[in-house]
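Numbering (our numbering), first residue to last: 10 to 222. C-beta: ideal position from N, C-alpha, C; glycine also. Quick caveat, the model's predicted, so the values are computed rather than measured. The structure appears below as C-alpha cells.
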Amino acid sequence: MWLASPTFFLYKVNLPMKTATLTLPAMAAALGAMAMAAPAAAQSNSVFIEQIGTGNSVSVDQSAGTRQNLSVDQEGSGNLVSVEQSDSGDDGASVEQTGDDNEAVIVQDGDGDTQLDLAQLGSGNSAVVFQRNTGSLATVAEVVQNGTANTASLLQDGSDNQALLVQNGDFNTATATQLGDGNRLEWTQNGTGLPDLGVTQTGGAAAIITQSN
C-alpha cells in the first residue's frame, strides 16, 4: 500500500528533526511516558513527511491497526524510506536521512508496542530493521550511522528488547539479532571498514560493544 492509501493521513511539517542519541533507559522511559499520557479513546494512524532535494521517496503501509505513527525527514538526493506497520500495537518510527542515496527499510509487526529512531547522515548508508513484539513490554531501538556506505541490520523478535547501534565512519557493517525477551545491546563502531561481529542474543542477554580502528 502506497501513499495514496486512505488508511492514514499525510502532513508536511517544517520543523527540524531531533538527532540526539538517547541511552536505552531514556528511550524506554520516554516510550512509557507517552503510553501513560495517551488518551483512552481510539487513535488514528499518522504520517509526517518533509523532503528537501531531488529523487527522494517514501513508501508507507499502515494496513492494520489505528495506533501507528511515522515521521520522516529527508534532505538530499536519491534517499529512500520504506515502512510497514502492520499490527494492532502502538508502533512508532522516526527517520532522518541527510545526504545522498541513503536507504532505510523498516517493518514493525505484532500486537505489542515497538519504537524506532533511525538517523543516517552521509551518503550510501543502508539500514534494515525488523521489529516484532507480541508481549506486554515495549521493544525499542535506535540506529545512527554517520559517514559513507555503512550498513546496519537489526532483527528484534520478542518483548522488552532494547538495542542501540551507532556507526561513525565509512564502510562499516553491523548485524544484530535479538530473540526472546529482555535483551539489551549497545554497540558502537568508530572507524573505517570494521568487520561485522554478527551479534545474536537469545533472551535476557546484555552486551556493550565498542569497536574502532
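(Q) Taking only three categories from DSSP, how would you classify residue 76? (A) coil
Q. With 16 as the cutoff for other CB atoms within 10 Å, does residue 101 come out buried or exposed?
A. buried
Q. Between residue 205 and residue 183, which are expected to be in contact by the criterion C-beta below 8 Å, what is the C-beta distance as a whole number of angstroms?
A. 6 Å
Q | Proximal residues to residue 46 (C-beta, below 8 Å), its chain only, five neighbours per side dropped | A | Only weak support exists for where residue 46 lies, its pLDDT of 41 falling under 50; the coordinates are left without a value.
Q: Could you check what DSSP says for residue 205 in three-state terms: helix, strand or coil?
A: coil
Q: Using only alpha-carbon positions, find the residue among 217, 135, 91 that is nearest to residue 194.
A: 217
Q: Could you tell me the distance, in whole angstroms, from the CA atom of residue 138 to the CA atom of residue 126?
A: 10 Å
Q: Would you identify the three-state DSSP class for residue 222, choosing helix, strand or coil?
A: coil
Q: Can you tell me the Cβ-Cβ gap for residue 131 and residue 160, rounded? I've got them flagged as a contact below 8 Å.
A: Going by Cβ atoms, the distance from residue 131 to residue 160 rounds to 12 Å, so no, they are not a contact pair.
Q. So is residue 215 buried or exposed if we call it buried at 16+ other beta carbons inside 10 Å?
A. exposed
Q: Count the other C-beta atoms from every protein chain shown that fall within 10 angstroms of the C-beta of residue 120, then say buried if there are 16 or more, exposed otherwise.
A: exposed
Q) Would a C-beta distance cut-off of 8 Å place residue 106 and residue 77 closer than the cut-off? A) no
Q: Find the nearest neighbour of residue 114 within the set 103, 92, 85, judged by alpha-carbon distance.
A: 92
Q) Which partner residues does residue 211 have in the DSSP bridge list? A) Bridge partners of residue 211: none, in fact.
Q. Roughly how many angstroms lie between the CA atoms of residue 73 and residue 212, to the nearest whole one?
A. 28 Å
Q | Straight-line Cα distance separating residue 83 from residue 61 | A | 6 Å
Q) With burial defined as no fewer than 16 other Cβ atoms inside 10 Å of the residue's Cβ, what is the status of residue 68: buried or exposed? A) exposed
(Q) Please report the straight-line C-alpha distance between residue 63 and residue 185, rounded to a whole angstrom. (A) 32 Å
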